[in-house]
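Take a look at the structure below.
Chains as they are written, first to last, in the UniProt record's numbering: chain L, 1 to 415; chain C, 1 to 415.
What follows is the structure, encoded as structure tokens:
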């Protein structure tokens, strides 16, 4: 079953709001086995909305609109849908009562406009709105066998109505369309094309499961998606393919699905019963903040230093003044002293030192913006990595944070 | 000039990511006077993408695609566009050199796949990508006078390319279509409905300029949008309305347009020639990281401490052990000692102490998740604020960071 989502609303066309209804509906419909192949956004204009719905009727089996069910003159989605299907509109008494009750409960006065929300296309199935005044609508068009569903625009109303009424309707009407399941292998450290090279033969021969590579904020996600009659079968297909590609990417995979790099690092620290402290310069506390995004991180993180100035690098984590003078604050040596110093000062198993040039100023003849040194110190000794990152100041901070977390991860895996 | 935005990518159809490119492009194009009347999303499928582009060609003058310019086999947007317009593809040597340079600068190895990104439709204008490897493309289709523009999918690449190359192209090619200008007054500290009450009479009588309230991550943005024949006229309209509403909201307005709270704090510190240091517990370094997002922040921030454990609060910023025992680590007193301690330790004008319960664990009978104390210490003495925030762990961290920055802003405004 092919689905098209039609989002209506001038505020979407003006770019004033981000459309979160479409990804919500798409995600849920895919889980139920429906194929969402098109998403269209159109404004509150009768002609253009009608044409968009005509195109959708021609290429999809189910059309789900969102928005335009409110009480104002600009809310026309139901009317345009009814007119396209040659249905008259009538006043739906139950909806009038529902809307009246909604206002009474809130000690508010109902205006005549609100009655527009109770006007329904002939033959429509009216769907109760448990979070607002605008009912939804399901219309089955019998000639071509299409279904049009009108949902309200406010995300909490749409979400509630979809889960409570539309999912049961779709399952009842179309049966479960089999299942589509996905698993994401999150990788770091290998570029998109090199990664593709490594698993090319599985990408070229893919059918079911499919394989997709997605670049995400410095990570590359490998998504395995399987379609099958049951969850069990889908999982088996995914496991089989994962079994083949994982050995090719093992050292780059840090997490599964929603597992972040900081979660992976936290899990390793907990497992090895180890603690960590950081001395951050160019990242300004970002890495420690990410580590503390994980519930329970107080179990392995006692504290960190943001050592932005040279003086603080000297006074708080004991970088020798002569090292900064001779090698610079952005140097392998400074990073190593920072890692060692913070580890000693906070008495942890692992110490991390990060120093670099986040830009846009601060570059010298030999040290460009984006040059970063990341050192890790622990019982297995010190390691230090040199990186050249690009992008804006915040891009460079973000990339440095991700790299630092990954270096810690590798350090923990090898001791 | 009618524009259609075509977003490509299976991950959009699957609902795995939210489309932020479309609202960005729509917002900017509207400001330039173009009418974005349609937005369509389609997957990486040749037939369907071609049909979507055919429909777009029939109803829009300018079609802007995003996504599908990467190096992998799934990246087909340029090819589909070229095939639709009957253009052959050729290897664009300058792009090869650009991509090669990109890899060289990062000491990375380029793979053959990357050459796909240098394949261009005949007669295309190739647009440099300053943030990545995939060049953009402008193709003028002469028969029907349409323009197709292919932009890369990653938002930072798309944004940079649009501002740097596409805006100048559109203005040069089509002229300015009248102007729409906006100004955003960024406020913090007043809820949306209370704020609306304060400026209600201007909201009810709005025509040109229009007024919109937008809730954004704990801030409320008041957007004034004027349409006029010239920039000068539009600015005048905006200035007039701002002059009326600003006095009603003065204490809540911290910035204009893109000015963030950390930028506002940084500007005040620079202006008053003051320095700052923070002792962060529940925010884990997030506030310091946000302060260091601003270029030049090394001028006022020397360093900070993340004091996650009680021991570090005691050893690094001198919170008395008996205070923690008697009042708790999450208390007004601890926050005040942290602010004073870090100010003394780092020798700054302003010290900030933040302690709270980010959750989901850690609540006690008297201290719920979301309870946060923020203290500011300086020459004007100590102040401490108690907050109850709600939401997830990262929500609470984010809200605490925003509140802390705003408290510092108010402190700086009153000394």
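Here a beta-carbon is modelled for each residue, glycine too, at the ideal position from N, C-alpha and C.
Here the structure is a predicted model, which means the values were calculated and not measured.
Query                                                                                                                                            : Result
Interface partners of residue 37 of chain L on chain C, CB under 9 Å                                                                             : 13, 42, 43, 45, 48
Neighbour-count burial assignment, residue 108 of chain C, 16 or more Cβ in a 10 Å radius                                                        : exposed
Alpha-carbon to alpha-carbon, residue 12 of chain L and residue 146 of chain L                                                                   : 26 Å
Test: residue 106 of chain C CB closer than 7 Å to a CB of chain L                                                                               : yes
Residue 409 of chain C classed as buried or exposed, judged by whether at least 16 other C-beta atoms fall within 10 angstroms                   : buried
Cut-off 7 Å between Cβ atoms - residues of its own chain near residue 156 of chain C, not counting five sequence neighbours on either side       : 131
Residue 416 of chain L: contacting residues in chain C (beta-carbon distance under 8 Å)                                                          : Since the first and last residues shown for chain L are 1 and 415, residue 416 of chain L lies out of range.
Stretch-stretch touch, CB-based, cutoff 8 Å, three pairs: the region 87 to 99 of chain L with the region 107 to 125 of chain L                   : yes
Residue 115 of chain L vs residue 64 of chain L beta-carbon contact at 7 Å                                                                       : no
Exposure of residue 44 of chain L, with buried meaning 16 or more beta-carbon neighbours within 10 Å                                             : buried
Cutoff 8 Å; reference residue 320 of chain L; Cβ partners in own chain excluding five residues on either side                                    : 314, 337
Buried or exposed by the 16-neighbour rule on C-beta atoms within 10 Å, applied to residue 144 of chain L                                        : exposed
Cβ of residue 61 of chain L within 7 Å of any chain C Cβ                                                                                         : no
Three-state class that DSSP yields for residue 1 of chain L in the structure shown                                                               : coil
CB contact below 7 Å: residue 298 of chain L versus chain C                                                                                      : yes
Residue 288 of chain C beta carbon less than 7 Å from that of residue 304 of chain C                                                             : yes
Local conformation of residue 214 of chain L per DSSP, three classes                                                                             : strand
Selection from L:133, L:125, L:172 that minimises the alpha carbon distance to residue 149 of chain L                                            : L:125
Per DSSP, the bridge partner or partners of residue 381 of chain L                                                                               : L:378
Short Cβ contact (7 Å threshold) for residue 161 of chain L with residue 151 of chain L                                                          : yes
Test: residue 289 of chain C CB closer than 7 Å to a CB of chain L                                                                               : yes
Residues that DSSP places opposite residue 356 of chain C in a beta bridge                                                                       : C:372
6 Å CB neighbourhood of residue 14 of chain C in its chain, flanking five on each side removed                                                   : none
Length of the line joining the Cα atoms of residue 322 of chain L and residue 316 of chain L                                                     : 16 Å
Residues that residue 393 of chain L contacts on chain C, provided the C-beta gap is smaller than 7 Å                                            : 293, 295
7 Å Cβ cutoff, residue 199 of chain C in contact with chain L                                                                                    : no
Between the CA atoms of residue 7 of chain C and residue 36 of chain L - distance to the nearest angstrom                                        : 14 Å
Beta-carbon proximity check, residue 401 of chain C vs residue 283 of chain C, cutoff 7 Å                                                        : yes
Contacts around residue 52 of chain L, its chain only, beta-carbon distance under 8 Å, and the 5 residues preceding and following it disregarded : 6, 40, 42
Residues that residue 331 of chain L contacts on chain C, provided the C-beta gap is smaller than 9 Å                                            : Simply none; closest approach about 17 Å.
Interface flag, residue 30 of chain L vs chain C, CB-CB below 7 Å                                                                                : yes
Short-range partners of chain C found in the region 185 to 215 of chain L, where Cβ spacing is below 8 Å                                         : 191, 192, 193, 194, 196, 197, 203, 204, 212, 213, 214, 215
Touch test, the region 68 to 85 of chain L against the region 100 to 107 of chain L, Cβ-Cβ under 8 Å, three pairs minimum                        : no
Alpha-carbon spacing of residue 220 of chain L relative to residue 414 of chain C, whole angstroms                                               : 48 Å
Where residue 173 of chain C falls, given that 16 or more other Cβ within 10 Å makes a residue buried                                            : exposed
Entirely enclosed alpha helix (DSSP H) segments - the region 155 to 239 of chain L, minimum 4 residues                                           : 155 to 161, 167 to 174, 192 to 198, 200 to 204
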